[in-house]
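Working notes for the structure below.
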Amino acid sequence: MKESNSIFLNGLNEAQSYAVDHFHGPLLVIAGAGSGKTRALTHRIAHLITEYKVDPSSILAVTFTNKAAREMKDRLELLLAKRLSNISHGKPWSTLQVAEQRQIRNRIYREISRELWIGTFHALFARLLRFDIDKFKDPEGLTWTRQFSIYDETDAQSLIKEIVTQDLQLDPKRFEPKKVRWAISNAKNQCLLPDDLVKNEEGQRGRLVAETYRLYRKALAANNALDFDDLLLIPVQLLQQNERIRSYWHNRFKHILVDEYQDTNWTQYELIKLLVTNGKEPSSFENWNNRSVFVVGDADQSIYSFRAADFRILMGFQKDFGKENQDNKNESTLVKLEENYRSTSTILDAANSLISNNKERIDKILRATRGEGEPIKLTRCDDEIAEAEAVIHRLRILDASNPELNWGDMAILYRTNAQSRAIEDSLVRWSIPYIVVGGLRFYDRREIKDLLAYLRLLINPSDSISLLRVLNVPKRGIGKTTVQRLSDAASQLKIPLWEVVSDPEAVRSLAGRSAKGLLIFSELINELQSHLLSSSPAELVQLVLEKSGYLSELIATGTDEAEERRRNLQELVNAALQYQEESEDANLEGFLSTAALSSDADNKDTASNRVTLMTLHSSKGLEFPVVCLVGMEQGLFPSYRSLDDPSSLEEERRLCYVGLTRAKEKLFLFHATERRMWGGMREPSIASIFLSEIPEELVQGDIPLSGGTTLRREKNLDRLTRIDRQENKRSILNEAENGVRRKYSGPSPGKKWSVNDKVEHSSFGEGKITHVFGSGEKISLAIKFAGMGTKILDPRLAPLKLIDE
DNA sequence: GTTCACGTAATTTTT
DNA sequence: TTACGTGAAC
Numbered sequence: 080m081k082e083s084n085s086i087f088l089n090g091l092n093e094a095q096s097y098a099v100d101h102f103h104g105p106l107l108v109i110a111g112a113g114s115g116k117t118r119a120l121t122h123r124i125a126h127l128i129t130e131y132k133v134d135p136s137s138i139l140a141v142t143f144t145n146k147a148a149r150e151m152k153d154r155l156e157l158l159l160a161k162r163l164s165n166i167s168h169g170k171p172w173s174t175l176q177v178a179e180q181r182q183i184r185n186r187i188y189r190e191i192s193r194e195l196w197i198g199t200f201h202a203l204f205a206r207l208l209r210f211d212i213d214k215f216k217d218p219e220g221l222t223w224t225r226q227f228s229i230y231d232e233t234d235a236q237s238l239i240k241e242i243v244t245q246d247l248q249l250d251p252k253r254f255e256p257k258k259v260r261w262a263i264s265n266a267k268n269q270c271l272l273p274d275d276l277v278k279n280e281e282g283q284r285g286r287l288v289a290e291t292y293r294l295y296r297k298a299l300a301a302n303n304a305l306d307f308d309d310l311l312l313i314p315v316q317l318l319q320q321n322e323r324i325r326s327y328w329h330n331r332f333k334h335i336l337v338d339e340y341q342d343t344n345w346t347q348y349e350l351i352k353l354l355v356t357n358g359k360e361p362s363s364f365e366n367w368n369n370r371s372v373f374v375v376g377d378a379d380q381s382i383y384s385f386r387a388a389d390f391r392i393l394m395g396f397q398k399d400f401g402k403e404n405q406d407n408k409n410e411s412t413l414v415k416l417e418e419n420y421r422s423t424s425t426i427l428d429a430a431n432s433l434i435s436n437n438k439e440r441i442d443k444i445l446r447a448t449r450g451e452g453e454p455i456k457l458t459r460c461d462d463e464i465a466e467a468e469a470v471i472h473r474l475r476i477l478d479a480s481n482p483e484l485n486w487g488d489m490a491i492l493y494r495t496n497a498q499s500r501a502i503e504d505s506l507v508r509w510s511i512p513y514i515v516v517g518g519l520r521f522y523d524r525r526e527i528k529d530l531l532a533y534l535r536l537l538i539n540p541s542d543s544i545s546l547l548r549v550l551n552v553p554k555r556g557i558g559k560t561t562v563q564r565l566s567d568a569a570s571q572l573k574i575p576l577w578e579v580v581s582d583p584e585a586v587r588s589l590a591g592r593s594a595k596g597l598l599i600f601s602e603l604i605n606e607l608q609s610h611l612l613s614s615s616p617a618e619l620v621q622l623v624l625e626k627s628g629y630l631s632e633l634i635a636t637g638t639d640e641a642e643e644r645r646r647n648l649q650e651l652v653n654a655a656l657q658y659q660e661e662s663e664d665a666n667l668e669g670f671l672s673t674a675a676l677s678s679d680a681d682n683k684d685t686a687s688n689r690v691t692l693m694t695l696h697s698s699k700g701l702e703f704p705v706v707c708l709v710g711m712e713q714g715l716f717p718s719y720r721s722l723d724d725p726s727s728l729e730e731e732r733r734l735c736y737v738g739l740t741r742a743k744e745k746l747f748l749f750h751a752t753e754r755r756m757w758g759g760m761r762e763p764s765i766a767s768i769f770l771s772e773i774p775e776e777l778v779q780g781d782i783p784l785s786g787g788t789t790l791r792r793e794k795n796l797d798r799l800t801r802i803d804r805q806e807n808k809r810s811i812l813n814e815a816e817n818g819v820r821r822k823y824s825g826p827s828p829g830k831k832w833s834v835n836d837k838v839e840h841s842s843f844g845e846g847k848i849t850h851v852f853g854s855g856e857k858i859s860l861a862i863k864f865a866g867m868g869t870k871i872l873d874p875r876l877a878p879l880k881l882i883d884e
């Protein structure tokens, strides 16, 4: 069946090759950071199609982000195009004319990539539901149609708030909608229904959460809407209850690949199981002919347990799927990719050492394939402003002294989004181009959400959340009291709000003087609906913009802000056009799904040469030659919520591991001794425990930098600093040398604390100093206490005594 | 019905 | 420090 010497096995190491060539049955690939995981995935798909003659439409590949999906598609297309170029033109891809290349790409698209299902769990199963949700039979009789809306977090929360205040008549201050929403989301991600929650939950509060969950589900159905979690949970229920549909998808998807398997939750796991075994117990599932499930992950990079991900699913993979099969066929179900092609050995040693402090993990190491590189540099700063300046200082030195490095090669990573602000200020001051990933999503801008709400309402008039959003936008003189009266009527009659709004009789009798606006509105919607079948998504966006009066209102306002909004809306038309180009059967439902499920990180264009700012979470799967990791402080990273919970602390440590392993060449760590949390309050902070878990010999320490006070004075000298920037690069380099020299010229006055000293703490007992951070006034110590682990303490405050030997 | 001003709460991480 | 929700004035 298989031709030997597949070109897709060339250039792979033994483990990668084994993974790519695996055909029948389950396989778990433990893939450390930078071990060529995406390479294995794309080569495998190409190999399955070309060597094992697998039909592309029977392949399902699940990624964690849309961006990863796109990258996988692109790389796969290129692999296949190169092969086809050799076969059909007899020459390498790079020597082909542009027209020939395009011709090949088109052919690959038509015959292969169009057929593949590659995407996130949410996107793929939303697609499945667009086929089959009308066949779903809910035990409580709830129904949805294929035109369902997808609610984002805000929509979901307002629905829950309505239930809490209106239906349950509870005080939203005591029974917070946000927390309830979180509890419900958690339940859904563990495959639990309201009834399961009733059984599990003890006490008043738990029962209220379960009741809210039940009502929320009912409300979603009434709006013909699903939240993100439903996109996974409803398919599970549907596949469990409907044997015909289950068999169809089971027979269709013969080869399933899951990336970032450590971050799957139990609902996603259930989906995989249903598709792979057609609902049978996985351990007794035998029929692996021409069928595989191939999961790739790294338990050390599991960072989404707050979203109900559970890396024990990864740890249990071998036990779950076909243990007997393994014995019968003498086939191993595990392969480890441990050779790292990304980072210097210094960076890897640091990461390996850090992660070895975790107890719960699969044993695995990263073997370096590259040179030692430079030491990691650690900088202590006075506060977050000084920290930002120190980071920028670093980047400027690099820019000046390494011609091959571009701004686009550098990334600044942080624990929380709020930390970006101080850094952005500094970047602006030094006129360094940058991009913040993961801030406000394009699709979350007010004007965009307004327009999308119109579109959602057009295809799904039951969607009252969308209706309420646009009913009086732009202003039509429809106020709160009118809306309340109409809503009351709708809920008494148990019909969607739209049916009241669109009934002229009802409007006249209920609305009084806002009747006119309401009539205009329902006429508008009716007219727009008449274009639904004949117009493309982009045309519909344009139509809504014009006919609703949204555009003319913005033009009339004439402010800069209105102009910005107008531009964004134009961008939405472009987004719709792009969607139409990219998808075969473009329709409005599809466009709205794409909009709902896209994230800011997906839109990051790697082409532009800018410094990247993002959270550690969004950095997963990426790599940069230069990485700056800021805010390495107890309470910030690790987050204060994890400080007294060992398993959350382990998750924070994994997050740190992810951060460190993003760096290819140069890694810089920063922490501040004082940080403005919110408002004007400054809070002292001590170095992160993670810093003490990186071997000291890999780190070149502390360059003292001028503090916040000096910088604030400098703000007035903005012009001067700009001039400074124009100066030749040597001055910047001198500055750097000075910085380093300062470190060595000033021996620490707090000399009495040094590494390996034995100390006694009044409550922790005897310990040994493993790290000294800073010096003089700003000193803190990492001390390893017997049986207590390592603590970071400020010796000026902590009851510590030096023990002489 | 609309607008504006004031008070209060918030900071983990995201499909 | 900002962003949001509430309430009272227009």
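Following this note's numbering, the numbering of the first sequence begins with 80 at its first residue and continues without gaps.
A virtual CB, placed ideally from N, CA and C, is assigned to each residue, including glycine.
Just mark residue i as buried or exposed, buried being the case when its beta carbon has 16 or more other beta carbons within 10 Å.
i, result
"Y522", "buried"
"V178", "It should be pointed out that residue 178 corresponds to Ala in this sequence rather than to Val. Label assigned to A178: exposed."
"K278", "exposed"
"F87", "buried"
"W486", "buried"
"I527", "buried"
"D234", "buried"
"V507", "exposed"
"L799", "Legend: pLDDT at L799 = 28, less than 50; position of this residue unreliable, no value from coordinates given."
"I197", "buried"
"R548", "buried"
"Q176", "exposed"
"D724", "exposed"
"T495", "exposed"
"G700", "buried"
"S510", "exposed"
"S167", "exposed"
So the beta strand (DSSP E) residue i belongs to, where does it begin and stop?
i, result
"Y493", "489–493"
"I138", "138–142"
Less than 9 Å between the beta carbons of residue i and residue j, yes or no?
i, j, result
"L550", "V579", "no"
"I313", "Y292", "no"
"L530", "L546", "no"
"A147", "D338", "yes"
"L416", "I109", "yes"
"N437", "L427", "no"
"I124", "M151", "yes"
"L630", "R646", "no"
"I557", "G596", "yes"
"L159", "T129", "yes"
"S627", "L607", "yes"
Hey, residue i and residue j are a contact pair by Cβ (cut 8 Å); roughly how many whole angstroms apart?
i, j, result
"D399", "S362", "7 Å"
"V706", "L474", "Contact flag wrong, Cβ pair sits at about 11 Å."
"H103", "W367", "5 Å"
"E702", "R755", "Contact doesn't hold; Cβ gap of about 32 Å is too wide."
"L692", "N145", "That belief does not hold up - the Cβ atoms of L692 and N145 are roughly 20 Å apart, past 8 Å."
Between which two residues does the alpha helix (DSSP H) harbouring residue i extend?
i, result
"D478", "463–480"
"I351", "345–356"
"D639", "639–661"
"S228", "S228 -> not in any alpha helix (DSSP H); beta strand (DSSP E) instead, spanning 228–230."
"M151", "145–163"
- [ ] Would you check if there are 3 or more beta carbon pairs closer than 8 Å linking the region 338–349 to the region 383–390?
- [x] yes
Open item on the list: Using 8 Å as the cut-off, can you tell me whether the region 117–126 makes contact with the region 88–97, which would need three or more C-beta pairs spanning the two stretches below that distance?
Closed with: yes
- [ ] Mind the definition here: the region 132–140 touches the region 441–457 only if three or more C-beta pairs lie below 8 Å; say whether that holds.
- [x] no
- [ ] Check whether the region 706–720 touches the region 729–743, taking contact to mean three or more Cβ pairs, one atom from each stretch, closer than 8 Å.
- [x] yes
Task: Inter-stretch contact at 8 Å, needing at least 3 Cβ pairs: the region 234–244 / the region 216–225 - done: no
Open item on the list: If contact is defined by three or more beta carbon pairs under 8 Å, each pair taking one atom from either stretch, is the region 607–616 in contact with the region 658–674?
Closed with: yes
TODO: Answer yes if the region 304–320 comes into contact with the region 206–215, meaning at least three C-beta pairs across the two stretches below 8 Å, and no otherwise.
DONE: yes
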